[in-house]
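Heads up, the sequence shown is in UniProt numbering, so the first residue is 1 and it goes up one at a time.
Glycine residues also receive a C-beta, built at the ideal position from the N, C-alpha and C atoms.
First the structure, in the form of structure tokens, and then the observations on it.
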Amino acid sequence: MHNPQMPTDGSQQQCASTFQPETGLLDATTPLQGNERIRHLLKCFGLRTSLVRLKVIDALLTAAGNDRRLGVRGMHSHLLALDIPLSFLSVREVLKRLCSEGVVVLNSDKSYSLHPQAEAVLIEA
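This is how it looks when you write it as structure tokens:
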């Protein structure tokens, strides 16, 4: 039987694996960074990861870190300023879906923020 990975000149090639994983990479206690935290959050709430969801949640985290609140228009403007070409409707629909799933809450001033349970998941991650 022909194996395309084996040399065809009849010689036997020995492959030695030099990859040694670092224990820290596989350690469950290693904190998640960047988008991995958001991916973990979405997974905990039973949601699939999408670029729009990643960007919207990242923008909410950035705004919260700067003591700001964003509504749909503010979120859309913020994303456009970062050269993230998402339509206003996409942003609005993602925020509505994240609200319905309990990841995000709509505040009385029509701004959005992460639900306290979602914040807890991010802190644990």
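**Span separating the alpha-carbon of HIS76 from that of GLU101** = 21 Å
**Asked** Looking at the structure shown, is VAL104 part of a helix, part of a strand, or coil, going by DSSP?
**Response** Annotated three-state conformation of VAL104 is strand, per DSSP.
**Asked** Quick one: what's LYS70 bridged to in DSSP?
**Response** First, the residue type needs correcting, since residue 70 is Leu and not Lys in the sequence shown. DSSP lists TYR112 as partners of LEU70.
**Item:** Member of HIS115, LEU122, LEU95 and LEU70 whose CA lies at the smallest distance from the CA of SER50
**Value:** Distance check between SER50 and each of HIS115, LEU122, LEU95 and LEU70 places LEU95 closest, using alpha-carbon atoms only.
**Request:** Evaluate contact between the stretch 31 to 45 and the stretch 70 to 87, counting only Cβ atoms and requiring at least three cross-stretch pairs below 8 Å.
**Result:** Three or more beta-carbon pairs separated by less than 8 Å are not found between the stretch 31 to 45 and the stretch 70 to 87, which leaves the two stretches without contact.
**Request:** Run the CB neighbour count on ALA81, radius 10 Å, all protein chains shown included, and call it buried at 16 or more, exposed below.
**Result:** exposed
**Request:** Taking all protein chains shown into account, decide if LYS110 is buried (16 or more other Cβ within 10 angstroms of its Cβ) or exposed.
**Result:** exposed
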